[in-house]
Structures are given as C-alpha cells and as structure tokens.
Amino acid sequence: MGKKGQLKDRTYSAPVKWMRGKGRVTLQFGCCYNYALDRQGNPPGILKNGAVDPLPDLFKVMIRRLVRWNVLPPTCVPDSCIVNIYEKDDCIPPHIDNHDFVRPFCTVSFLSECEILFGSKLTSVRAGEFTGSFAIALPVGSVLVINGNGADVAKHCVPAVPSRRISITFRKMDESKQPNGYVAEPDLQGLEPFSDGADTNSSTKNNKNASTRPIHTPLQRPAFEREDRVDKGRGIIAERPDSRYSSRARQGPVNRRRF
Numbered sequence: 001m002g003k004k005g006q007l008k009d010r011t012y013s014a015p016v017k018w019m020r021g022k023g024r025v026t027l028q029f030g031c032c033y034n035y036a037l038d039r040q041g042n043p044p045g046i047l048k049n050g051a052v053d054p055l056p057d058l059f060k061v062m063i064r065r066l067v068r069w070n071v072l073p074p075t076c077v078p079d080s081c082i083v084n085i086y087e088k089d090d091c092i093p094p095h096i097d098n099h100d101f102v103r104p105f106c107t108v109s110f111l112s113e114c115e116i117l118f119g120s121k122l123t124s125v126r127a128g129e130f131t132g133s134f135a136i137a138l139p140v141g142s143v144l145v146i147n148g149n150g151a152d153v154a155k156h157c158v159p160a161v162p163s164r165r166i167s168i169t170f171r172k173m174d175e176s177k178q179p180n181g182y183v184a185e186p187d188l189q190g191l192e193p194f195s196d197g198a199d200t201n202s203s204t205k206n207n208k209n210a211s212t213r214p215i216h217t218p219l220q221r222p223a224f225e226r227e228d229r230v231d232k233g234r235g236i237i238a239e240r241p242d243s244r245y246s247s248r249a250r251q252g253p254v255n256r257r258r259f
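With full-length UniProt numbering, the residue at position 235 of the sequence shown is 235, and numbering never jumps.
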C-alpha cells in the first residue's frame, strides 16, 4: 500500500540503502515522528502537521489485549505506533526514545528472532555491529516493555538482523505533543486489565459465550524451554541494564517480569 501511494504522506518511508544496515522501511500510525532535523528545520520529535494514517483496527486489537493482559498499564494506553521492516543486515543504531512519548512503551517482534542491546555506552564496531553491557533476546511473538532506566538512562540498539524481521513499537504520546487535529480513538478509552473472576468488559458481559480468561492471539506463543526467554511470548521488562555484554555472546537470565 505504501509503495502504491495508498497511505497518507508521512505514513510510509523507504530510505535508499546506501550502506549495510541503513534504509529499513518504516510505517507510522497515529503520529509522524521526525528522527532528525529535517530540511524544513523541524527538530526531532512528533511533527504537529505530519499527515499519517490512524491506527489500523488490527493494531487496536493488539493494544487492547496488551492492556487487558497487564503487559501495559491502563494509564499508558498507546495511541501511536511505528512498524519497522528489516531486511537481512538492517539495524537500528544506539538511541534513547524521544520524550515526546511517555513511558513505558513496548515492541512486538515477528518473523524472526534477534537481540536488542542496552547500555549507557554502546559502541559501534563496524556497520551494523555494536557492543554493549546488556542484551535481551526477542523471540518471535514476544513483547518487550521498556521503562525506567532502560528507557531514560540506557541507550538501546538492534544489531544487524540475521534475517527478515518486522517489529511494531507501540507508544503513547505526551498530551502536549499530540499533532494538530488529533482525535483519541474511542475504542481505546477506559481500558482496564483483566482481573481474576471478574467480567472483562461491558461487551463480554453481554456475550453468553465470553470467557474471563485472555484469548489466545498471535501475540501469544507456546512456552519456551529456555528460562532466559519470554514466558509464552507475553512480555518482558527492560529497566536496569547493568551487566557486561558483547553482541556476539549470549547473556544469562535477564531482569524480566512474566505476564
């Protein structure tokens, strides 16, 4: 759709690949985030007048489940997202997410596994290869929640991926940074997490076949055998990256929360 011009102006971006790791395709929904100072003089951050498409319905289904399954708090319901489409050897360089977005935020991984590095000092060894102090594996179907020091002190990066990969990063905008004309999604308002023995929401109360248990979705995967991976693909938390790590070596169990 992006290649055919069927999306709004700033929704789809496909930079020219001029070196290894550069030029991944991105899709932005809900708001347009400017990565660097552009030709119009706009600084990095959410563009007030950047035209992008609203959140697709399928993404809103994912957001509702992330909140209802306690992966994200109801005080931080995402209203925007960015889709990164990686080809082999594409990467994301070290950075800290702009504070135009509140914390926490999360990334859902698809197609193939890769690793994300964290550290106050992330060093580029060569194009697409970095060293850092802490790493987390991102299995297919996993959800990584980034908060605390992991979001605000440590930088993070994605080294060159071994094969094609797609990630969706869901974020909530700071209200003062919302673009002009922004309208909140009605079906993302008033979300609350599931509670044991309680009805999930007003719609399920009227459905005789509804269950109070979370529904199995593409976000949920069978349990992994390794303890340092995500429990059933439901989510892990990155808050205090502090151990030494090289991007060519595996780490032990990570600081995480199970959902």
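Glycine residues also receive a C-beta, built at the ideal position from the N, C-alpha and C atoms.
Owing to the predicted nature of the structure, the values given are computational and were not obtained by experimental measurement.
Backbone CA spacing between residue i and residue j [nearest angstrom]
i, j, result
"Pro-78", "Pro-186", "13 angstroms"
"Phe-59", "Phe-130", "31 angstroms"
"Phe-134", "Ser-80", "27 angstroms"
"Leu-111", "Gly-141", "8 angstroms"
"Val-145", "Asp-90", "22 angstroms"
"Leu-72", "Ile-168", "14 angstroms"
"Gln-28", "Ile-96", "18 angstroms"
"Ala-14", "Glu-87", "12 angstroms"
"Pro-104", "Arg-171", "8 angstroms"
"Pro-218", "Val-83", "Here Pro-218 scores only 44 on pLDDT, less than 50, and its place in the model should not be relied on; the value that follows carries that caveat. Those two C-alpha atoms are separated by around 16 angstroms."
"Thr-212", "Arg-68", "With a pLDDT of 30 at Thr-212, under the threshold of 50, the modelled position of that residue is not reliable, and no figure is offered here."
"Lys-121", "Cys-106", "22 angstroms"
"Cys-114", "Pro-43", "30 angstroms"
"Asn-70", "Leu-191", "11 angstroms"
"Ser-124", "Phe-194", "43 angstroms"
Spatially closest choice to residue i from the options, by CA coordinates
i, options, result
"Asn-49", "Ala-154, Pro-179, Leu-191", "Pro-179"
"Ile-116", "Val-161, Arg-126, Asn-147", "Val-161"
Host beta strand (DSSP E) of residue i (start-end)
i, result
"Leu-144", "143 to 146"
"Ile-116", "114 to 119"
"Thr-11", "Taken as a continuous stretch (DSSP letters only), Thr-11 belongs to no beta strand (DSSP E), as it is neither H nor E."
"His-156", "155 to 158"
"Tyr-35", "Neither: Tyr-35 is in no beta strand (DSSP E) and is coded neither H nor E."
"Cys-31", "Here Cys-31 belongs to no beta strand (DSSP E), and DSSP marks it neither H nor E."
"Glu-129", "129 to 132"
"Cys-106", "105 to 110"
"Pro-94", "92 to 95"
N-terminal and C-terminal residue of the alpha helix (DSSP H) that residue i is part of
i, result
"Leu-58", "57 to 68"
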